[in-house]
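Enquirer: Sequential numbering from -9 applies to the sequence shown in the working numbering.
Below are the structure tokens for one structure; questions will follow.
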Amino acid sequence: MHGDRKGTRAHRPYPVVAGMEVADAKEELRRAIRAHRAERSPRLRDEAAKALADVLATVPAVRDADVVATYVSRPTEPGTHVLLEQLAARGTRVLLPVLGAGLARDWAWYAGPDDLLERAPGRPPEPSGPALGAEAITKADVVVAPALAVDDRGVRLGQGGGWYDRLLKMRRPGVPVVALVFPEEVYDSAEQPLPAAEHDVPVHVVVTPEGWQELPAPALEG
């Protein structure tokens, strides 16, 4: 793990039992991790958001990118608001997800925190600019993706909609995927492997407030 922050020993939910179907195992893990995230105080979330932005600034793929595709975090997720401000301040262009026509998922350019609006109840804030089409991800030099957990094989547990897995397959060849999680959400696949399906797209780097780790990520690629 790159970075000089001390490792954290914390509760790591793992309600997966032998013989579980992949879809069932994923849902059990999602419920457990979301419940655990909800226990984190606003102060700790703010501290984590600042630390995540600092760590991401040291990841070469993010540091050297002209265009970063990322997301606006929900309240209990690893925070991206500090990251967005830092990227914009250094002149990096940022693509953010928006809800397009007919509930299609889309992208738009980030134009500052005051431009982010909650367009629908329960949805994260979105830029007000024009939707660019799903293929706009091909402009990105790196994708910073949300995750509920990542294991050391590069397996990512997403929110369950499958949108990121579909979009990640549209990125340019060689563009790395970076996942943001809390320290206890990085799993050892030898002891607690995350359930994975054939359509799951692996991640290449996992970032926590304590540092970042490059992952092999070949197992599910392609």
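Heads up, the beta-carbon is just placed ideally off N, CA and C, and yes, glycines get one too.
On a predicted model such as this, the values are computed, not experimentally measured, just so you know.
From Asp155 to His189, what distance separates their C-alpha atoms?
Expert: Translated into positions along the sequence shown, residue 155 becomes position 165. Translated into positions along the sequence shown, residue 189 becomes position 199. Cα-Cα distance, rounded: 7 angstroms.
Enquirer: What are the boundary residues of the alpha helix (DSSP H) that includes Ala78?
Expert: Translated into the one-based positions of the sequence shown, residue 78 becomes position 88. Looking at the DSSP string, the run of the alpha helix (DSSP H) that includes Ala78 is 71 to 79.
Enquirer: Using the C-alpha atoms, what's the distance from Arg109 back to Ala137?
Expert: Position 147 of the sequence shown, counted from the start, is the residue given in the question as residue 137. Position 119 of the sequence shown, counted from the start, is the residue given in the question as residue 109. Distance between the alpha carbons of Ala137 and Arg109: 22 angstroms.
Enquirer: Give the secondary structure of Val25 by DSSP, where H, G and I count as helix, E and B as strand, and everything else as coil.
Expert: Stepping through the sequence shown from its first residue, residue 25 is reached at position 35. In the sequence as presented, Val is not what sits at residue 25; that position holds Ala. Residue state, collapsed to three classes: helix.
Enquirer: Run through DSSP, which three-state label would Ala15 get?
Expert: For the purposes of this step, residue 15 is taken as the residue at position 25 of the sequence shown. Helix at Ala15.
Enquirer: Do Leu86 and Val145 count as a contact pair if the criterion is CB distance below 7 angstroms?
Expert: For this step, residue 145 is matched to residue 155 along the sequence shown. For this step, residue 86 is matched to residue 96 along the sequence shown. Contact: no.
Enquirer: Pull up the distance between the alpha-carbon of Met160 and that of Glu17, whole angstroms please.
Expert: Along the sequence shown, one-based indexing puts residue 160 at 170. Along the sequence shown, one-based indexing puts residue 17 at 27. Met160 and Glu17: Cα-Cα distance of roughly 26 angstroms.
Enquirer: At which residues does the beta strand (DSSP E) containing Leu42 begin and terminate?
Expert: Reading the sequence shown from its first residue, position 52 is the one you call residue 42. Where Leu42 is concerned, there is no enclosing beta strand (DSSP E), although the alpha helix (DSSP H) it sits in stretches over 32 to 46.
Enquirer: Which residue marks the beginning of the alpha helix (DSSP H) containing Val52, and which one marks its end?
Expert: Numbered from 1 along the sequence shown, position 62 holds the residue referred to as residue 52. Val52 -> alpha helix (DSSP H) spans 50 to 53.
Enquirer: Since Val165 and Asp131 are thought to touch, with beta carbons under 8 angstroms apart, how far apart are those beta carbons, to the nearest angstrom?
Expert: Your numbering for residue 165 matches position 175 in the sequence shown. Your numbering for residue 131 matches position 141 in the sequence shown. At roughly 6 angstroms, the Cβ-Cβ gap stays under 8 angstroms, so Val165 and Asp131 are in contact.
Enquirer: Quick check on Thr198: does DSSP put it in helix, strand or coil?
Expert: Within the sequence shown, the letter at position 208 stands for residue 198. Strand.
Enquirer: Can you look up Tyr100 in the DSSP assignment and give me helix, strand or coil?
Expert: Taking the sequence shown and counting its residues from 1, one reaches residue 100 at position 110. In the structure shown, Tyr100 sits in coil (DSSP, three-state: anything other than H, G, I, E or B).
Enquirer: Tell me the DSSP secondary structure of Arg146 in three-state form.
Expert: Locating residue 146 in the sequence shown gives position 156, where the first residue counts as 1. Strand, per DSSP.
Enquirer: For chain C, find out if any of its Cβ atoms is closer than 7 angstroms to the Cβ of Gly81; answer yes or no.
Expert: The question asks about chain C, but that chain is absent: this structure has only one protein chain.
Enquirer: When you compare each of Glu67, Val197, Ala98 to Arg30 by their alpha carbons, which one comes out closest?
Expert: Position 40 of the sequence shown, counted from the first residue, corresponds to residue 30. Selected option, being the one with the closest Cα: Glu67.
Enquirer: Note down, in chain order, each residue of its chain lying with its Cβ closer than 6 angstroms to the Cβ of Asp105, except the 5 sequence neighbours on either side.
Expert: The residue you call residue 105 lines up with position 115 of the sequence shown. Excluding residues within five positions, the ones whose Cβ falls inside 6 angstroms are Pro117, Ser118.
Enquirer: Along the chain, where does the alpha helix (DSSP H) that runs through Leu157 open and close?
Expert: Along the sequence shown, one-based indexing puts residue 157 at 167. Where Leu157 is concerned, the enclosing alpha helix (DSSP H) stretches over 153 to 158.
Enquirer: Classify Ala137 as helix, strand or coil using the three-state DSSP reduction.
Expert: Here the question's residue 137 lines up with position 147 in the sequence shown. Looking at Ala137 - three-state DSSP - the assignment turns out to be coil, as it is neither helix nor strand.
Enquirer: Between the Cα of Leu73 and the Cα atoms of Trp99, Ala98, Val45, which residue gives the shortest distance?
Expert: Stepping through the sequence shown from its first residue, residue 73 is reached at position 83. Nearest of Trp99, Ala98, Val45 to Leu73, Cα basis: Val45.
Enquirer: Assign Arg27 to one of two classes, buried (16 or more other C-beta atoms within 10 Å of its C-beta) or exposed (fewer than that).
Expert: Locating residue 27 in the sequence shown gives position 37, counting from the first residue. Arg27 is buried by the Cβ-count criterion.
Enquirer: Where do the ends of the beta strand (DSSP E) carrying Arg83 lie?
Expert: Counting from one through the sequence shown, the residue named residue 83 turns up at place 93. Taken as a continuous stretch (DSSP letters only), the beta strand (DSSP E) holding Arg83 covers 83 to 89.
Enquirer: For Ala91, does the count of other Cβ atoms within 10 angstroms reach 16, so buried, or fall short, so exposed?
Expert: Position 101 of the sequence shown, counted from the first residue, corresponds to residue 91. Looking at its Cβ environment, which holds fewer than 16 other Cβ atoms inside 10 Å, Ala91 is exposed.
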